[in-house]
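*Asks:* Take the sequence shown: its letters are residues 2 to 267, numbered as in this note's numbering. Quick one: this structure, given as structure tokens, is what I'll be asking you about.
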Amino acid sequence: MPQLPQTEPEAGVPSRLRNAVFQAVADEGKAALVERRLSVAINRGVLQAGERLPPESELAKSLGVSPVTVREALVLLRQRGLVTTKRGRGGGSFVTAGADPASHAADELASTSRTALRDLAAHYFAVTAGCLELAASRAAPSEVDAIRSRLTAFGGNLTPNTDGQVVQPTPAQWRHVADDVVVELCALGQSVRLTKEQMRVQSEVSPLLGLLAVDSSEREVQRGEILKLVDEVERGDVAGARETLRSTMLDVVGRLEEKRRLLTEQ
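Written out as structure tokens, the structure is:
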């Protein structure tokens with residue numbers, strides 16, 4: 002199996018979601034498929050503004066395509082203004098500094114029908130609930146406690162930066178940590194298939210959740226909901242975890258439908 006390329010993400014970026022970006026594409030995946038995968042990762046904030054992409058040879062190896070295919074995909078990304086390429090020492094391909102995941106998420110929500118939005122929520126619930134059910138029966142207490150500690154350390158309101166100063170995290174920083182915690186919790190179910198699908202749907206839902214986490218009080222609500230799921234998994238309370246997740250998704254859909262209405266009226 003090819004080794005995943007090493008990148009230099011901002012602290013807090015969900016490693017599992019990032020690694021999914023660089024997994025091998027299907028046999029039919031040519032330049033358009035590579036371009037689509039990278040553009041989705043950029044627009045959803047998995048690959049961040051200013052971040053350097055792995056070298057073309059490493060991308061080709063990890064994605065399972067030829068260097069020519071990667072080069073063609075990068076041309077398409079440059080044409081869309083999502084990537085810039087610098088030559089010479091210190092050069093390479095970088096995510097354009099102006100890439101705005103929040104703006105893309107708002108546009109995506111405005112163009113999504115109510116039926117499609119509810120279907121996405123139903124799919125997210127089905128996959129995530131299945132993972133949590135397995136995690137409730139298979140996870141070791143120490144594993145669950147490690148996840149809780151990480152979420153508790155990264156508060157919804159304040160978190161220490163690299164200088165030890167306490168600052169308010171941005172909505173994007175919060176979503177990165179929240180996504181990683183949910184994926185790690187689901188991974189405790191030890192089902193490779195379900196975890197991979199949960200990672201995929203988490204990356205699809207996350208930008209929409211980010212639209213709802215615009216201030217510290219909203220982030221605290223999201224953090225409380227995730228902590229409740231962590232507690233229920235630790236207790237082996239499958240019914241409780243399913244009900245918490247169901248209630249959360251019903252609330253999310255209702256609020257997203259209202260935000261969609263406001264966006265389409267602008």
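Glycine included, each C-beta is placed from N, C-alpha and C at the ideal position.
#1: In three-state terms, what does DSSP make of R19?
#2: Within 10 Å of its beta-carbon, does A147 have 16 or more other beta-carbons around it, so buried, or fewer, so exposed?
#3: Does the count of Cβ pairs from the stretch 87-107 and the stretch 197-217 closer than 8 Å reach three?
#4: Ordered along the chain, which non-local residues of its own chain (more than five positions away) have a Cβ less than 8 Å from that of R256?
#5: Does DSSP put S94 in a helix, a strand or coil?
#6: Considering only DSSP beta bridges, list what R194 is partnered with.
#7: Whose C-alpha, out of V96, G89, R81, R37, is nearest the C-alpha of T70?
#8: Would you list the residues sitting across from R53 in a DSSP beta bridge?
#9: Just the C-alpha distance for R247 and T86, rounded to the nearest angstrom, thanks.
#10: Straight-line CA distance for R194 to T129?
#11: Which value, in whole angstroms, describes the spacing of the CA atoms of L133 and H177?
#12: How many Å lie between D216 and T153 at the Cα?
#13: Between the beta-carbon of R261 and the beta-carbon of L121, is there less than 8 Å?
#14: Based on Cα-Cα distance, which residue from A42, A33, S58 lies nearest to R201?
#15: Kindly list the residues whose CB is nearer than 7 Å to the CB of V47, restricted to its own chain and excluding five residues on each side of it in sequence; keep chain order.
#16: Kindly indicate which residue of S114, E52, A61 has the alpha-carbon position closest to the one of G92.
#17: Near V182, which residues of its chain fall below 7 Å by C-beta distance, leaving aside the five closest residues on each side in sequence?
*Replies:* Reading off the structure:
#1: If you number the sequence shown from 1, residue 19 lands on position 18. Residue state, collapsed to three classes: helix.
#2: The count along the sequence shown starts at 1 and reaches residue 147 at position 146. Flag for A147 reads exposed.
#3: Touching, yes.
#4: Locating residue 256 in the sequence shown gives position 255, counting from the first residue. Taken in chain order, the residues that qualify are L213.
#5: As a working note, residue 94 is residue 93 in the sequence shown. DSSP places S94 in strand when its eight states are reduced to three.
#6: Counted from its first residue, the sequence shown places residue 194 at position 193. DSSP, once it has assigned bridges, lists no residue as partnering R194.
#7: Along the sequence shown, one-based indexing puts residue 70 at 69. Comparing alpha carbon positions, the residue from V96, G89, R81, R37 closest to T70 is R37.
#8: Taking the sequence shown and counting its residues from 1, one reaches residue 53 at position 52. F95.
#9: The sequence position of residue 247 within the sequence shown is 246, counting from 1. The sequence position of residue 86 within the sequence shown is 85, counting from 1. Cα to Cα, the separation comes out at about 44 Å.
#10: As a first step, residue 194 must be located in the sequence shown, where it is residue number 193. As a first step, residue 129 must be located in the sequence shown, where it is residue number 128. When rounded, the distance between both Cα atoms is 12 Å.
#11: For the purposes of this step, residue 133 is taken as residue 132 along the sequence shown, with counting starting at 1. For the purposes of this step, residue 177 is taken as residue 176 along the sequence shown, with counting starting at 1. Going by the C-alpha atoms only, they are around 20 Å apart.
#12: Position 215 of the sequence shown holds residue 216. Position 152 of the sequence shown holds residue 153. If you take the alpha carbons of D216 and T153, they lie about 18 Å apart.
#13: Counted from its first residue, the sequence shown places residue 261 at position 260. Counted from its first residue, the sequence shown places residue 121 at position 120. It is not a contact, given that the beta carbons lie outside the stated cut-off.
#14: Start at 1 with the first residue of the sequence shown, and residue 201 comes out as number 200. Among A42, A33, S58, the Cα nearest to that of R201 belongs to A42.
#15: Counting from one through the sequence shown, the residue named residue 47 turns up at place 46. Answer for V47: L18, R19, V22, S204, listed in chain order.
#16: In the sequence shown, residue 92 corresponds to position 91, counting from 1. It is E52.
#17: As a first step, residue 182 is located in the sequence shown; it is residue number 181 there, counting from the start. Only I148, R151, L152, I227 meet the Cβ criterion.
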